[in-house]
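Enquirer: Take a look at this one; I'll ask things after.
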Amino acid sequence: MEYSYCTTALIAFLQIFTLTISTTQTSLAQIDSLTYSQVVCRHGNRNPLLTYGKYTENYNNIWPEGLGKLSELGKYEGYQIGQFLRDRYAGFLHEDYKPNEIFVLSSGTDRTVQTAGISMLGLFKKFMDAASWKTDPSLVSQPFEPIPIRTIPSELDNVLSLNADCPKRAQSIEDIRKSNFNQGYFRNDSTLEYILQNTGQPNWLAPNATYEDIHWELNTAIEVITSLFEQNKTVEDWMLPLFSDEQFLAYKYHLIEKEHAKDLRTHRLNIGSLIKLILENINNHLRGTREEKLDVFIGHDKNLLSLGWTLAINASFENRMPPAGSCILVELHSKPKAEE
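All the letters of the sequence shown, read from the start, carry residue numbers -22 to -1, 1 to 318 under mature numbering (1 follows the signal peptide of the UniProt record, and there is no 0).
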């Protein structure tokens, strides 16, 4: 019997205690027709990359894991990614780890590699519990079975970290930063003024402050505020109104090389190498030269944002950054040609 194949793209959002699929009513895959899946995930919750003022002096006590590192919440979210994949692909993947069934690729940062490892713990929990090599239970306090995680050196990575040299992408980002849209975005904005005044950095609001001054300093302030809130740490009273302010929630969407999110040129330059890899994997699967049933890519918010816009499934990211632990699933399904 001859079969035809189609791909389906789904978005999964991981929230504390809740995991849902935005485009389907069940978290279970249609395994009767599913032949191959590729999953692109953002790492779990992380600590801020930079701090300001008193938070700089005290960051080791507030974020003991270190700046930019995976938080305790992020570790939980990474585990939940694996549990979600286990539930979705029950009956499609073996419960035991099979080297020819899964391939995991992470960007080179600690937070993505850790998320990849913890997600595999969640995906293969029963297999980990059995850990056949552990003849002496005292060797490891918790069940563990190593699952291979591949990475790309950051300076060569045009797939996930996007740190490899790409003049066209760099120029596209520079064009966005210099656009009239961005030069005026942060001016005469009451929410912005409220944030900058309360962070104790009013010089950011000086008339001669450049877009670059405001861009990076505001991003630092937002990272600190959101990290405190998301990780259930002590939040200053002045911060509380921000979490119901739509303008505040949209700020980060416009920061760090994503300022004009509808600029498809930049998104395509960001995600082109990953889409090329996804398509090559699908073609190799159809030719029978790729054994894996599941490929997992652990990357960053920019990967999901650009992939969503490029695939025109970006509605879930409207004025929001992809949350920590969220995923885009690209599934390949087959059906008899008679059913077409």
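We put the CB at the ideal spot given by N, CA and C, even for glycine.
Remember, predicted model here, so these are calculated numbers, not experimental data.
1) Quick one: Cα of residue 306 to Cα of residue 247, how far?
2) Is residue 323 near residue 20, with beta carbons less than 7 Å apart?
3) Of the choices 70, 79, 47, 66, whose alpha-carbon is the least far from that of residue 93?
4) Return the chain-ordered list of same chain residues with a C-beta closer than 8 Å to the C-beta of residue 142, the five sequence neighbours on each side being excluded.
5) Apart from the five residues just before and just after residue 269, which ones in its own chain have a Cβ nearer than 7 Å to its Cβ?
6) DSSP three-state label for residue 267, please.
7) Beta carbon of residue 283, beta carbon of residue 301: below 7 Å?
8) Provide the residue(s) that pair with residue 16 in DSSP beta bridges, ordered along the chain.
9) Beta-carbon separation of residue 212 and residue 245 under 7 Å?
10) Out of curiosity, what's the CA-to-CA distance linking residue 241 and residue 261?
11) State the DSSP-derived secondary structure class of residue 298, mapped to helix, strand or coil.
12) CB-CB under 6 Å to residue 104, same chain, minus the five flanking residues each way: which ones, in chain order?
13) Assign residue 272 to buried or exposed, taking buried as 16 or more other Cβ atoms, counted over all protein chains shown, within 10 Å of its Cβ.
14) Would you list the one or two residues that DSSP bridges to residue 63?
15) Decide yes or no for the touch test of the region 30 to 37 against the region 54 to 72: beta carbon pairs closer than 8 Å, at least 3 of them.
16) If residue 56 and residue 96 are in contact, beta carbons under 8 Å, what's the gap, nearest whole angstrom?
17) Taking all protein chains shown into account, decide if residue 236 is buried (16 or more other Cβ within 10 angstroms of its Cβ) or exposed.
18) Please say whether residue 49 and residue 276 have beta carbons closer to each other than 7 Å?
19) Only counting the same chain, and skipping five residues up and downstream in sequence, which positions put a Cβ closer than 6 Å to that of residue 206?
20) Can you give me the start and stop residues for the beta strand (DSSP E) that residue 84 sits inside?
21) How many Å lie between residue 82 and residue 176 at the Cα?
22) Do you know whose CA, among 18, 286, 169, 17, lies nearest residue 223's CA?
23) Less than 7 Å between the beta carbons of residue 202 and residue 42, yes or no?
24) Give a yes or no on whether the C-beta atoms belonging to residue 13 and residue 310 are separated by under 7 Å.
25) Could you pull out every residue in the same chain whose Cβ sits closer than 7 Å to the Cβ of residue 259, ignoring the five residues on either side in sequence?
Expert: Straight from the coordinates:
1) Roughly 18 Å separates the two Cα atoms.
2) This structure gives no information on residue 323, because the portion of the chain shown stretches from -22 to 318.
3) Comparing Cα-Cα distances from residue 93 to each of 70, 79, 47, 66, the minimum goes to 47.
4) Result list for residue 142: 133, 134, 135, 136, in chain order.
5) Around residue 269: 78.
6) Secondary structure at residue 267: coil, using DSSP grouped into helix, strand and coil.
7) Taking a C-beta distance under 7 Å as the contact criterion, residue 283 and residue 301 do not qualify as a contact pair.
8) Residue 16 is bridged by DSSP to 273, 308.
9) No. Outside cutoff.
10) When only Cα atoms are considered, residue 241 and residue 261 end up about 29 Å apart.
11) Here DSSP, grouped into helix, strand and coil, assigns residue 298 to coil.
12) Non-local beta-carbon contacts of residue 104 in its own chain, meaning distances under 6 Å to residues more than five positions away in sequence, involve 73 in chain order.
13) Per the 10 Å Cβ criterion, buried.
14) The secondary-structure analysis by DSSP pairs residue 63 with nothing; it has no beta-bridge partner.
15) They do not touch, by the three-pair rule.
16) Beta-carbon to beta-carbon, residue 56 and residue 96 are separated by about 4 Å, close enough to satisfy the 8 Å threshold.
17) Any reading at residue 236 must be qualified, since the residue scores a pLDDT of 47, below 50, and its modelled position is unreliable; no value is offered.
18) No. Outside cutoff.
19) The beta carbon of residue 206 sits closer than 6 Å to the beta carbons of 213 from its chain, once the five residues preceding and following it are set aside; these are given in chain order.
20) Element bounds for residue 84: 80 to 84.
21) Cα to Cα, residue 82 sits roughly 43 Å from residue 176.
22) It is 169 whose Cα lies nearest to the Cα of residue 223.
23) Cβ atoms of residue 202 and residue 42: not closer than 7 Å.
24) Yes, Cβ-Cβ distance for residue 13 and residue 310 is below 7 Å.
25) Only 16, 268, 273 meet the Cβ criterion.
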